[in-house]
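Trainee: If you count by this note's numbering, then the sequence shown holds residues 263 to 601, one letter each, in order. Before I ask anything, let me first share the structure, which is written out below as structure tokens.
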Amino acid sequence: MRTRYRIERRRLLAGGTGLTLAAVAGARVPLAQSLDRVSFQTNWRAQAEQGGYYQAVAAGIYRRHGIECELRQGGPQQNPAQLLIGGRVDMIMSTGFQALNYVRENLPFLTIAAMMQKDPQILMTHEGNGINSFEDMRGRPMLIGSASRVTYWPFLRARFDFTDAQIRPYNFNLTPFLVDRMAIQQGFVSAEPFAAMQAGARPRVFLIADAGYENYQTTIDISRRMVEEKPDLVQRFVNASIEGWAQYMAGRNTDAANALIKRDNPDMDDAKIAYAVRAMNEHGIVKSGDADRLGIGAMTEERWIRFHRTMADAGLYPRDLDVRRGFTTRFVNKRVGLA
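Structure below.
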């Protein structure tokens, strides 16, 4: 997660622009009516991990739902949460931690969908070096970035008796990993293993979500004001996004979406994108768990409560935080995107 965790309070400005259309929630809007304009800010530069949103744009899914979506690319100098709080964007792509932050800071925002059921963050080492589980990493040096130290690291420390003394600085440079066969470093299941293989390594991947880390990823966050004033528009945006993700993960006519990704981020190429999609499918990042029965984007109160309890046990949040104020399942769990 690449957002800050202490959020400056700012006055909420007006929400989305455009006309609110009188239609049943989730229904497609007649083409004769004007399109509602919605701005959506991603949390990083364009990549396959955002592919469902790009698919919904490229395949005209948003437009079929009566929406003109302005998809804004993120980057290292941007803080999507601050853009949302400042009223400069209608919706943002975020993570489960942000919902807890909204509650802790008493801010009028919430999470309305989670496109990734599993957080794609991993620890990665080399095959054949005797490290075969998280337990085998106990006491060993690990390359961990600063942002990770206040998200999944406290979970790993509590779950596997890791210590802060194991941490070594990680500067998003693969060289230290490549030259040390005993190295352990952080990464994303859809990115760093591919880069390591391209450099001749044989990485072994440990998905942190499979160890019980229940953080929702690639969430959609929005102001309470927009939820209250434009629920039909919000429902149509969520449904269109889910349809985009279903198509993208199935590989159905995704060339145009991938072209948009490569246009926005020239560092992406077909091989990187193909690997990322394959890895997300193999590890159930988007389609697994609750999404298998409730549809892509699914969230449950039970999981949110467990996630908060886990992170409170790790010392990151107050135990009496009412996590239910940070999300709503009103717009998901409708089996949208299921075959």
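By construction, the Cβ of each residue, glycine as well, lies at the ideal position given by its N, Cα and C atoms.
(1) Please report the distance separating the alpha-carbon of N435 from that of G336.
(2) Rounded to a whole number of angstroms, what is the C-alpha to C-alpha distance between D552 and M377?
(3) Can you say whether F516 is buried or exposed, counting buried as having 16 or more other CB atoms within 10 angstroms of its CB?
(4) Apart from the five residues just before and just after K524, which ones in its own chain have a Cβ nearer than 6 angstroms to its Cβ?
(5) Measuring straight from C-alpha to C-alpha, what distance separates L385 and N527?
(6) Among V598, Q479, S296, A343, which residue has its Cα nearest to the Cα of L602?
(7) Tell me whether A427 sits in a helix, a strand or coil according to DSSP, three-state version.
(8) Check V291 in the structure and name its three-state DSSP category.
(9) Which ranges would you report for the beta strand (DSSP E) in the region 438-504 if only whole runs of at least 3 residues count?
(10) Using the Cβ count rule (16 or more neighbours within 10 Å means buried), how would you classify N368?
(11) Just verifying my parser: in three-state terms, what is the DSSP assignment at L583?
(12) Does the contact criterion of 3 or more C-beta pairs under 8 angstroms hold for the region 493-508 versus the region 318-328?
(13) What did DSSP end up calling Q383 once you bin it into helix, strand or coil?
(14) For R498, count neighbouring Cβ atoms within 10 angstroms of its own Cβ and tell me buried if that reaches 16, exposed if not.
(15) Applying the criterion that 16 or more other CB atoms from any shown protein chain within 10 Å of the CB defines a buried residue, is I567 buried or exposed?
(16) Specify, as a first and last residue, the run of the beta strand (DSSP E) that A536 falls within.
(17) In chain order, what residues of the same chain lie with their CB nearer than 8 angstroms to the CB of A561, ignoring the 5 residues before and after it?
(18) Can you tell me which residues form a DSSP beta bridge with R373?
(19) On the DSSP bridge list, what partners appear for D298?
(20) How far does the beta strand (DSSP E) with M353 in it extend, from its first residue to its last?
Mentor: In brief:
(1) For N435 and G336, the distance between alpha carbons rounds to 21 angstroms.
(2) 11 angstroms
(3) The amino acid occupying residue 516 in the given sequence is Thr; Phe does not appear at that position. Its Cβ being crowded by 16 or more others within 10 Å, T516 is buried.
(4) M530
(5) 25 angstroms
(6) Summary: the structure shown does not reach residue 602, with the chain confined to residues 263 through 601, and so no result is reported for it.
(7) helix
(8) Because V291 sits at a pLDDT of 45, beneath the cut-off of 50, its placement in the model cannot be relied upon, and the point is left open.
(9) 447-450, 465-469, 479-485
(10) Per the 10 Å Cβ criterion, exposed.
(11) It is coil, neither helix nor strand.
(12) yes
(13) strand
(14) Counting Cβ neighbours within 10 Å, R498 comes out buried, since at least 16 surround it.
(15) exposed
(16) Segment 532-544 is the alpha helix (DSSP H) holding A536; no beta strand (DSSP E) there.
(17) Note on identity: in this sequence residue 561 is Met, with Ala being the wrong assignment. The residues are T373, A375, A376, Y478, D552, F589, T591, V594, N595.
(18) The identity of residue 373 in the sequence shown is Thr, whereas the question assumes Arg. Answer is D483, F589.
(19) I329
(20) Looking at the DSSP string, the run of the beta strand (DSSP E) that includes M353 is 353-357.
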